[in-house]
Each structure stands twice: as C-alpha cells, then as structure tokens.
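Working notes for the structure below.
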Amino acid sequence: MSFDVPDDLRYLESHEWTTTDGETVTIGVTDFAQDELGDVVFVELPAVGDEITAEDAFGVVESIKAVSDLYAPISGEVTAVNEELFDQPELVNDDPFGDGWMLEVAPSDESELDDLLSAAEYREQIA
Amino acid sequence: MTDRQPPLADAHAAAGATTTAFGGWAMPVEFDSIKTEHAAVRESVGIFDVSHMSEIEVTGPDSTALTNRLTTNDVAALSPGEAQYACITREDGVMLDDTVVYRRADHADHPAYLIVPNAGHDSQFTDWWQTHREEWGLDATVENTTDQWAMFAVQGPDSPDHLAAAADAALTDLARFEHTTTEIAGVDCIVARTGYTGEDGFEILCPTDAAEMVWNTFDCQPCGLGARDTLRIEMGFLLSGQDFDPDDQPRTPYEAGVGFTVDLATDFLGRDALADQHKTGIDQQFVGITMLDRGVPREGYALVDSDGEQIGELTSGTMSPTLNEGIGLGYLDSSHTTPGEGVEIVVRGNRKQAEVTDRPFVSK
Numbered sequence: 002m003s004f005d006v007p008d009d010l011r012y013l014e015s016h017e018w019t020t021t022d023g024e025t026v027t028i029g030v031t032d033f034a035q036d037e038l039g040d041v042v043f044v045e046l047p048a049v050g051d052e053i054t055a056e057d058a059f060g061v062v063e064s065i066k067a068v069s070d071l072y073a074p075i076s077g078e079v080t081a082v083n084e085e086l087f088d089q090p091e092l093v094n095d096d097p098f099g100d101g102w103m104l105e106v107a108p109s110d111e112s113e114l115d116d117l118l119s120a121a122e123y124r125e126q127i128a
Numbered sequence: 085m086t087d088r089q090p091p092l093a094d095a096h097a098a099a100g101a102t103t104t105a106f107g108g109w110a111m112p113v114e115f116d117s118i119k120t121e122h123a124a125v126r127e128s129v130g131i132f133d134v135s136h137m138s139e140i141e142v143t144g145p146d147s148t149a150l151t152n153r154l155t156t157n158d159v160a161a162l163s164p165g166e167a168q169y170a171c172i173t174r175e176d177g178v179m180l181d182d183t184v185v186y187r188r189a190d191h192a193d194h195p196a197y198l199i200v201p202n203a204g205h206d207s208q209f210t211d212w213w214q215t216h217r218e219e220w221g222l223d224a225t226v227e228n229t230t231d232q233w234a235m236f237a238v239q240g241p242d243s244p245d246h247l248a249a250a251a252d253a254a255l256t257d258l259a260r261f262e263h264t265t266t267e268i269a270g271v272d273c274i275v276a277r278t279g280y281t282g283e284d285g286f287e288i289l290c291p292t293d294a295a296e297m298v299w300n301t302f303d304c305q306p307c308g309l310g311a312r313d314t315l316r317i318e319m320g321f322l323l324s325g326q327d328f329d330p331d332d333q334p335r336t337p338y339e340a341g342v343g344f345t346v347d348l349a350t351d352f353l354g355r356d357a358l359a360d361q362h363k364t365g366i367d368q369q370f371v372g373i374t375m376l377d378r379g380v381p382r383e384g385y386a387l388v389d390s391d392g393e394q395i396g397e398l399t400s401g402t403m404s405p406t407l408n409e410g411i412g413l414g415y416l417d418s419s420h421t422t423p424g425e426g427v428e429i430v431v432r433g434n435r436k437q438a439e440v441t442d443r444p445f446v447s448k
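Top to bottom, those sequences are chains V and A.
When we follow our numbering, the leftmost residue of the first sequence carries the number 2, and every step to the right adds one.
When we follow our numbering, the leftmost residue of the second sequence carries the number 85, and every step to the right adds one.
Below you can see the structure in the form of structure tokens.
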C-alpha cells in the first residue's frame, strides 16, 4: 500500500504534517497516520489563543480502536482551529492534507521548521 | 510465545486484513474499515473468522452431570440440537469465563456436548473438566478439539438467505440457540443459530482442513474483531477477560448482569456463594453508559458522581457506529444504576457528562 506524502510539506516522525505561507503554519496528520488509526471518531484540539510548544502534545485523535496524542511541530499561538472536525472527524480519514487539517498557528520561531523531516525523509521512515 | 494462527491466516492477510493478538491468537481485526464492516452486519450481512474460540467435547454416560456441575445453567434441560449460554464459575461464584454449551444433535446413543469457551481458555477448561471428573468419580471423555475446528460467524439480517443458498433452506427454520449438522460446500459442518452481534445470524463449525472451502462459499463482507467489538458493545454483551476476569475484574454472574444464566436449582461449583449473593444483593452492577458530552468512553476510565467521588469504572467503551454516540459498559455502585441517572466519566483528567442507559443501546 502506498501513501500520499506531498513534496511541499514538512513532517514529524510522529506523523504530523505542516505547511507555511510565511506567516501561518497549518498542521494536520498524514495519510499514513489516518490509515494506521482507522475510522477517526473524535478529535480534541486546543482553542484559538492557546499556546502550543514544539514536540509537546497539543491534542488527541481517537479512532474506534486507538487513542493517539498529537504532537506540535512548532511553537506558537493557535490562530484557527478546524471546528468541522468536531462534528465530522471522518474528514481526517477522507482528506488528511485538505479538509482534515487541524490547526493554524502563528509561529514564535519559524526556524523550528528547519528541524522537521522533508517529504523524502518521511517517505523513508514509513517505508 | 508465538500466537496461534487460524487456519485462514494466509487468506486473510492476502485479503488485506490487519491482525491483532487476542487470547493468544493472531486474529484479523479489520479487513476494510470497522465502520464499513459494522454497517454491513447491521444492514445486510458479514462473515467473521472466530476460529480463536475454544472447543471442548464432552461425551460419555456422566457428561451431563459433569457439565452441569461446572456451568451455571441447567444442562439437563437441553435436548439434542439445543444450546444454552452459561457461565463457568469457581467456588466463590466468580466467573472464570462465559460459554455456549451445545448438546450435540448427532449423537443419539448417549449425550454429547460441545462446549465453546473464549479464546485461549481451551487447555485450562479441558484440565478443569478432567480434574473435576476425577474428583467426582464421573465417567466422561473430555477432549480439547480446538485445533480440529474452524469457526465462522455469518451475521446480519440477510444471513438466512446466505445460509439457505450455501447449504440447506431448512437452516432458516432453526430457532435461536438451536443447531444441526449439514453440508456446506460438500463439507460436514455444525451450524447454530447463535452469534455475538445482536443480529440474526449463524455460527458454523467446520473441520480445519476444509476451512477455506466453507469460508469462500459466502460472498459477503469479511469482518474483523474490531467490528465484532463495536457490535457487541452496542448490545451490551460481555467480553471475557475484559468486562470480567477472575484476576483483574473478578465478578459474579449477578454483578455482570447475566444472572439469567444461573439456575440455583442445579448443583454447580459456585452455587452456594451465588445463592448467598442472590439473597443479600450486589454492591455493584454492570450497566450501560451513554456519553452526553463529546468523547469516547474507554476501558479503565473512572465513573464519578457530581462531587467527583468514584462510584464505578468502565470496562469497555467505543464510539457507537450506529448511534454516533460514545457508549460504555462498566460497573457502578448499585445505588446509582437507574436508567437516565447522571454520572460523570473521567477522560484524561477531565470530567465528562454521561448517563446510565438500558442495554442494549441499539434496540433489536
């Protein structure tokens, strides 16, 4: 089975992805992660205005069979939360890199992004 | 120790199943998705490989007496071709396992029983039956035949059509808990109208070496242990080793909500302890809990009252695929068990609102 690993995103070993437009970092979980989890039924996320810290847990995703912590790829203030996921957690399965996004964050130190895996490195990890 | 493999392990892997270790067996947990498999069983039909279940065969002149003294129900009430749900209890009334006892339809000359305890209990209960046979001086043959049988469950409202097509239309005349012997794909099988999903359904026992032929006869959604768990939780059915366990969750049949399997008029191991408890009552009771806040109840979460005092514990839980609500099973102090009564579930340190709910959660 092969999984989508878009070239233009950066990744955490714990299967979160990020993208940045220079001001805002968007965070979600990967195609590989949603497949491992199976049917996602619940997502717990911080609120807008909360601070998250790189490498710390910022939330929880639950499938029928598993509970998994979500880890922050970067530190900063949460500027948007995908509230659609509260009623439609299955969006994480259906479109992990699109409608299944989780948070937008204003990073406090954008250089933290340099520590993340490239698509090629992440592909190697899940191979 | 390496996990035991069902006869169709390779075929399941080829079908894309992921596996999990359960009761010492490596069993399929998911073929497509738990939601898809669950919906197939509720709406049409699905097939499960449940070859991890134990099979113990008891025959001989005292097979009825022996089995009656080791299970809570009245084995003597069974006619050939009938089966009953029962508990296996120890002296203090604590459940070691739950089981179905089949009085074989095809042994006319003397009683013969097929006892189907849960996964990984086959050696334990073969010893248990044999040891008590010696202790009580009874004449019965007890044989662990788990490795000789594959077991499949075909479950769902359309299951009678599938059994009629695969075998014999007369199978659809079987009443709940009746069983018979019949040919499927030219293979001699035992077919029972039993299951663990709350739906109409059948369980099929066939010889291990013919497992693939029988499995392939059924053109329906393959289902794994994941859907088996969500289906049984929606019905409030117990899972041995989780909702009760002699070491980690010692419970009697009355506490576990299966007092209907206890016939105090029969003389079985644990009978006196249960007769006492029947008189004095139980401190905690097995209940259904529905979450009112968002979230997923899970095994091990504490149940607390509005002051935060612990009044119970969840032993199972899931997001109900049918109801799209968090549902759980567990034990609650008997003074708090009225359906509709509020209770809080501690989820990762946060108290979430929930209420006591009648089982089954999904009416059938």
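Glycine included, each C-beta is placed from N, C-alpha and C at the ideal position.
Computed from a predicted structure; not experimentally measured.
Quick one: which chain A residues come within Cβ less than 8 Å of residue i?
i: Gly39 (chain V); result: Glu114, Ser117, Ile118, Gly310
i: Val68 (chain V); result: Val380, Arg382
Measuring only from the beta carbon, is residue i closer than 8 Å to any heavy atom that is part of the ligand NAD?
i: Val61 (chain V); result: As far as ligands go, the structure on display features none, and thus does not contain the ligand NAD.
Going along chain V, which residues have a C-beta under 7 Å from residue i?
i: Thr402 (chain A); result: Ile65
Give a yes or no on whether the minimum CB-CB distance between residue i and chain A is below 9 Å.
i: Val30 (chain V); result: no
i: Val61 (chain V); result: yes
Mind listing the chain V neighbours of residue i? Cutoff is C-beta to C-beta under 8 Å, in chain order.
i: Arg378 (chain A); result: Phe43, Phe87
When the cut-off is 9 Å and only beta carbons count, does residue i lie next to chain V?
i: Arg435 (chain A); result: no
i: Gly107 (chain A); result: no
i: Pro444 (chain A); result: no
i: Arg432 (chain A); result: yes
i: Gly177 (chain A); result: no
i: Gly410 (chain A); result: yes
i: Pro405 (chain A); result: yes
For residue i, count neighbouring C-beta atoms within 10 Å of its own C-beta (all shown protein chains included) and say buried if the count is 16 or more, exposed if not.
i: Pro423 (chain A); result: exposed
i: Leu407 (chain A); result: exposed
i: Trp220 (chain A); result: exposed
i: Ser390 (chain A); result: exposed
i: Lys72 (chain A); result: Chain A is shown from 85 up to 448; residue 72 (chain A) falls before or after that span and cannot be answered.
i: Glu84 (chain V); result: exposed
i: Arg153 (chain A); result: buried
i: Val160 (chain A); result: According to the sequence provided, residue 160 (chain A) is Ala. The question's Val does not apply to it. So Ala160 (chain A) ends up on the exposed side.
i: His246 (chain A); result: buried
i: Asn94 (chain V); result: buried
i: Lys66 (chain V); result: buried
i: Gly29 (chain V); result: buried
i: Asn434 (chain A); result: exposed
i: Arg432 (chain A); result: exposed
i: Thr86 (chain A); result: exposed
i: Arg217 (chain A); result: buried
i: Asp8 (chain V); result: exposed
i: Glu122 (chain V); result: exposed
With distances taken from CA atoms, which of the options is nearest residue i?
i: Asp129 (chain V); options: V:Val41, V:Ser15, V:Ser76; result: Outside the modelled stretch of chain V, which goes from 2 to 128, sits residue 129 (chain V), for which no answer is possible.
i: Ile172 (chain A); options: A:Ser419, A:Trp233, A:Asp351, A:Val427; result: A:Asp351
i: Val134 (chain A); options: A:Val346, A:Asp313, A:Leu162; result: A:Asp313
i: Tyr186 (chain A); options: A:Thr278, A:Leu255, A:Arg217; result: A:Thr278
i: Val106 (chain V); options: V:Tyr123, V:Ala128, V:Leu46; result: V:Leu46
i: Phe43 (chain V); options: A:Pro444, A:Pro405, A:Ile131; result: A:Pro405
i: Leu353 (chain A); options: A:Asp417, A:Gly410, A:Ala97, A:Ala170; result: A:Ala170
i: Gly310 (chain A); options: A:Ala97, A:Pro91, A:Gln89, A:Thr120; result: A:Thr120
i: Thr143 (chain A); options: A:Ala110, A:His205, A:Thr210; result: A:Thr210
i: Ala349 (chain A); options: A:Asp158, A:Val440, A:Ala124, A:Leu255; result: A:Asp158
i: Asp32 (chain V); options: V:Glu17, V:Pro74, V:Thr21; result: V:Glu17
i: Ala123 (chain A); options: A:Glu318, A:Trp213, A:Leu416, A:Asp190; result: A:Glu318
i: Ser112 (chain V); options: V:Leu86, V:Thr80, V:Asp96, V:Thr21; result: V:Thr21
i: Ala149 (chain A); options: A:Ala249, A:Phe302, A:Pro195; result: A:Pro195
i: Gly325 (chain A); options: A:Val184, A:Asp146, A:Met179; result: A:Met179
i: Thr25 (chain V); options: V:Glu125, V:Asp115, V:Ser109; result: V:Ser109
i: Val298 (chain A); options: A:Ser147, A:His191, A:Asp272; result: A:Asp272
i: Ala110 (chain A); options: A:Asp176, A:Ala203, A:Asp181; result: A:Ala203
Problem set entry | Residues of the segment 291 to 325 of chain A whose Cβ lies closer than 7 Å to any Cβ of chain V, in chain order | Gly310, Thr314
Problem set entry | Cβ-based contacts, 9 Å cut-off: residues of the segment 362 to 394 of chain A near chain V | Arg378, Gly379, Val380, Arg382
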